[in-house]
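In full-length UniProt numbering, the protein residues as written are 1 to 367. The structure appears right after this line, and notes come after that.
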Amino acid sequence: MGRLLKNFKDDDYPHLVHLPFPDQTMNLIKHLFSKEIECSTSETKEAKQTHISHQHPLILMDTMKPTSSTLTCHDPMKKVELICNGCVRPIMDSPFYTCADEDGHHCNFALHEWCARLPSEVKNHPGHPQHTLVFMPKVPYKPFGVFKCDVCSYQCNGFVYCCVSCKYNVDVCCAFIPDKITHKAHENHLLSRIDSDEFSFSCEDCGFHLHPGCALLVSETIRHKYDKHPYKLSYLPIENHKGDYFCDICEEQFYPEREGSFYHCEKCVQSMHPACSMPIFRHKNPTPQSFSGTSWYTIVHGYVNIKFGGRLKSESHPHPLSFVQGLTSDGRCAKCGYVLEDRMIFKCLQCEFVIHYDCLIRRLRIN
1 MGRLLKNFKD DDYPHLVHLP FPDQTMNLIK HLFSKEIECS TSETKEAKQT
51 HISHQHPLIL MDTMKPTSST LTCHDPMKKV ELICNGCVRP IMDSPFYTCA
101 DEDGHHCNFA LHEWCARLPS EVKNHPGHPQ HTLVFMPKVP YKPFGVFKCD
151 VCSYQCNGFV YCCVSCKYNV DVCCAFIPDK ITHKAHENHL LSRIDSDEFS
201 FSCEDCGFHL HPGCALLVSE TIRHKYDKHP YKLSYLPIEN HKGDYFCDIC
251 EEQFYPEREG SFYHCEKCVQ SMHPACSMPI FRHKNPTPQS FSGTSWYTIV
301 HGYVNIKFGG RLKSESHPHP LSFVQGLTSD GRCAKCGYVL EDRMIFKCLQ
351 CEFVIHYDCL IRRLRIN
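Given below as structure tokens:
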């Protein structure tokens, strides 16, 4: 494939977002708001803070300091998980906020520093310009805070910008979705945001389209517990690669020319689908066959903005229910009888009751 001739001038777009982001430590919210954080004084940074999203005080953690807590950042190589409750992206470097409660509640609440200082509203959002979108820590009319983002269509239980009267909801990244971007999947051509029922980025010259989730959530390099080397995002077959391509996570064969992109480690000659690299699969290897007729790709990406954890008290069951990702060992749903593997589920740790999230929500009455 020949290299495309550049169809725009850099000087005309001084704030252009260049994608993919280099690694998992960077995301759109950090890109847009971290400079404001750098201007904060050290006195402000060291103080305990309260935030509307959490009932306990928050303290700023700096894991580089010897006096800091033993709490560590997200590290897939060591199987350490720390997910931001705001943007639902991994917290891979410090400083960050965590719950400062000392009463033994064992909260797993954590925030990127920039996610703790997001604006209170967004005006003239391209998907809902008629009303101002207001920041909320959880969607008030959605049980357990799970909502479908009206821009990327992924389910999310992080922070939300919403119009309550219209029930229009967007996750924090999609709230600030850029008007124009560049992406290495289509180098040197400007990609413009298409505002419609289904948002996308499109090249006006070539008809190339890119889903906002694929543009904003897939980084150029990733670390994974299955390889000591970084995986790099590739768009074409690897030069001098011998043999077929197989994803080392789901073990399915794939064809680079059809995939659009894939991750590859040249040193170990290992590859994986971008979808399989997502943090939904924390406990086991996924298999497309486990999704019972539902699109495997849709399910995987559909959970990339979900932070599992937390417990729910419901009149429908005498014990607290944990919000988790279903495993093979969880068997079948107590309500509908279908398998629970790789789904959002509520699970009782005191008895054998397990139910799909959707099945419980249909009859849920929160205490």
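Cβ coordinates follow ideal geometry from the N, Cα and C atoms, glycine included. These numbers come from a predicted model, not from an experiment.
- Item | C-alpha gap between Ser192 and His183, whole angstroms | 11 Å
- Task: Go to Val160, then tell me how far its alpha helix (DSSP H) extends in each direction, as first and last residue.
- Result: Per DSSP, Val160 belongs to no alpha helix (DSSP H); it is in the beta strand (DSSP E), 160-163.
- Mind checking Val17: buried by the 16 CB within 10 Å criterion, or exposed? buried
- Message: What ranges does the alpha helix (DSSP H) occupy inside the UniProt domain "DC1" (228-276), keeping only unbroken runs of at least 4 residues that lie completely in it?
- Response: 256-259
- Task: Would you mind stating whether Asn85 and Asp171 have Cβ atoms separated by less than 8 Å?
- Result: no
- Item | Contacts around Cys163, its chain only, beta-carbon distance under 7 Å, and the 5 residues preceding and following it disregarded | His128, His131, Leu133
- Segment contact, 8 Å Cβ cut-off, at least three pairs: the segment 208-215 with the segment 223-236: no
- Should Lys30 go down as buried or exposed, given a rule of 16 or more other Cβ atoms within 10 Å for buried? buried
- Task: Tell me where the alpha helix (DSSP H) around Val172 begins and ends.
- Result: 172-175
- Item | Which of helix, strand or coil DSSP assigns to residue 371 | Any question about residue 371 goes unanswered here, given that the chain covers just 1 to 367.
- Span separating the alpha-carbon of His74 from that of Glu113: 15 Å
- Please confirm if the segment 188-206 is in contact with the segment 155-169, defined as three or more CB-CB distances below 8 Å between the two stretches. no
- Message: Is the beta carbon of Thr98 closer than 8 Å to that of Leu58?
- Response: yes
- Query: Exposed or buried, what is Gly260 when buried is set at 16 or more other beta-carbons lying within 10 Å of its beta-carbon?
  - Reply: exposed
- Where Ser120 falls: helix, strand or coil (DSSP): coil
- Item | Residue interval of the beta strand (DSSP E) (run including Arg193) | 191-194
- Message: Going by beta-carbon coordinates alone, are Leu19 and Asn188 separated by less than 8 Å?
- Response: no
- Alpha carbon to alpha carbon, how far is Pro22 from Ser271? Give it in angstroms, no decimals. 18 Å
- What is the DSSP secondary structure of Pro90, reduced to helix, strand or coil? strand
- Item | 6 Å CB neighbourhood of Val122 in its chain, flanking five on each side removed | Leu133, Tyr161, Ala175
- Message: In whole angstroms, give me the CA-to-CA distance for Ser219 and Cys268.
- Response: 20 Å
- Message: Output needed for Ile366: all residues of its chain with C-beta closer than 8 Å, excluding positions within five of it in sequence on either side, in chain order.
- Response: Confidence in Ile366 is poor, its pLDDT being 46 and thus under 50, which makes the residue's placement too unreliable to answer from.
- Query: Excluding sequence positions up to five away, which residues of its chain have a Cβ less than 8 Å from the Cβ of Lys167?
  - Reply: Tyr141
- Grouping DSSP H, G and I as helix and E and B as strand, with all else coil, what is Ile29? helix
- Query: With a CB to CB cut of under 7 Å and the five nearest residues on each side skipped, what residues in its chain are close to Asn139?
  - Reply: Strictly speaking, residue 139 in this sequence is Val, with Asn absent from that position. Excluding positions up to five away in sequence, the list reads Gly145, Phe147, Val160, Cys162, Asn169.
- Query: Just reading off the alpha helix (DSSP H) that Tyr357 is part of, what are its end residues?
  - Reply: 357-362
- Query: Three-state secondary structure (DSSP) at His186?
  - Reply: helix
- Under 8 Å between the Cβ atoms of Ile361 and Lys335? no
- Ile345 versus Gly326 - alpha carbon distance: 6 Å
- Message: Assuming contact is defined by CB atoms lying nearer than 8 Å, are Cys173 and Leu216 in contact in what I supplied?
- Response: yes
- Could you tell me which of Ser234, Pro256, Lys232 sits nearest to Gly243, measuring between CA atoms? Pro256
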